[in-house]
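In the working numbering, the protein residues as written are 38 to 227.
A quick write-up on the structure given underneath.
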Ligand code: HEC
Ligand code: HEC
């Protein structure tokens with residue numbers, strides 16, 4: 038083969054390679070792998086963040102001492118119900134009245150209906166003389182209501198420990214000062 042034809046062949050070959058390289062399908066760059074989902078924000082609440090007192094939960098050094106200094110029974114001013122049919126708070130002191138034991142419960146000495154009028158105390162409401170579970174009227178206090186301070190709380194002078202913007206709503210004005218749970222218990226159910 039002459040030099041000339043070798044050269045021509047070379048050029049032709051180069052051209053062929055060059056052209057075919059141009060025509061080769063453009064390989065698209067693969068999409069980047071999806072980013073790993075960010076871990077959900079931590080829902081952990083530490084002991085230090087839990088307290089409404091804005092101090093570590095286990096440190097009560099900033100808590101004012103609770104002073105239970107309400108007047109004696111008979112001298113106290115009754116408080117409005119915190120909300121409709123909430124257990125009223127105990128407005129008088131409970132000095133010498135606690136603990137309530139199986140043998141001794143001074144609360145019932147003044148608050149059972151047969152005693153209450155004589156001492157000027159509010160008698161226990163109808164719900165405390167009724168077995169709601171068995172739908173049965175009882176002759177006396179339902180034993181489930183025997184441990185009064187389980188629901189009725191004595192009051193201490195502490196001021197407002199944390200801001201509270203709760204506003205109660207009473208369907209009837211008198212329910213600010215009176216209970217009627219047994220009458221309204223099944224409202225909306227029956
Ligand atoms: C010596 C009688 C007497 C004893 C004992 C007594 N109370 Fe009272 N209680 C009263 C009187 C009277 C009132 C009304 C407020 C006042 O005059 O002090 C009252 C008010 C209450 C009220 C508020 C009722 C309302 O309508 O808001 C509750 C709740 C209460 N007492 C619970 C108790 C509990 C619980 C005990 C036992 C730890 C108890 N009481 C022991 C006489 C007594
Ligand atoms: C299981 C919780 C619970 C226990 C225990 C309990 N009460 Fe109540 N009490 C309530 C609730 C709730 C109300 C208000 C709704 C209702 O029952 O009518 C109430 C209401 C009252 C009222 C207001 C009555 C009125 O007409 O406004 C008095 C007084 C009372 N209770 C006294 C007592 C006494 C005294 C004891 C212990 C012998 C006692 N309670 C035990 C939950 C309880």
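The beta carbon of each residue, even a glycine, is placed where N, CA and C say it ideally should be.
CA-to-CA distance, residue j to residue i, given in whole angstroms
i	j	result
residue 134	residue 75	59 Å
residue 209	residue 72	59 Å
residue 131	residue 79	45 Å
residue 136	residue 77	49 Å
residue 93	residue 199	15 Å
residue 187	residue 164	16 Å
residue 123	residue 70	59 Å
residue 161	residue 201	29 Å
residue 151	residue 177	10 Å
residue 108	residue 227	43 Å
residue 126	residue 196	16 Å
residue 253	residue 225	Shown here, the chain extends from 38 to 227; a query on residue 253 therefore has no answer.
Contacts around residue i, its chain only, beta-carbon distance under 7 Å, and the 5 residues preceding and following it disregarded
i	result
residue 58	For residue 58, the pLDDT reaches just 47, beneath the cut-off of 50, and the residue's location in the model is therefore unreliable, leaving the point undetermined.
residue 213	117, 118 and 207
residue 103	193 and 195
Close Cβ partners of residue i (< 8 Å) along its chain, the five nearest in sequence each way excluded
i	result
residue 184	137
Option nearest residue i by Cα separation, candidates the options
i	options	result
residue 121	224, 156 and 217	217
residue 105	157, 128 and 166	128
residue 166	153, 181, 157 and 156	181
residue 220	204, 169 and 193	169
residue 154	211, 111 and 203	111
residue 190	157, 141, 156 and 115	115
Residue i - containing alpha helix (DSSP H), residue span
i	result
residue 148	143-148
residue 85	84-87
residue 100	Note, residue 100: premise wrong, no alpha helix (DSSP H); not H, not E.
residue 218	218-221
>> Quick test of the definition: if touching needs 3 or more C-beta pairs under 8 Å, does the region 96-106 touch the region 135-153?
In response: no
> Taking contact to mean at least 3 C-beta pairs separated by less than 8 Å, is the region 159-179 in contact with the region 84-95?
Replying inline: no
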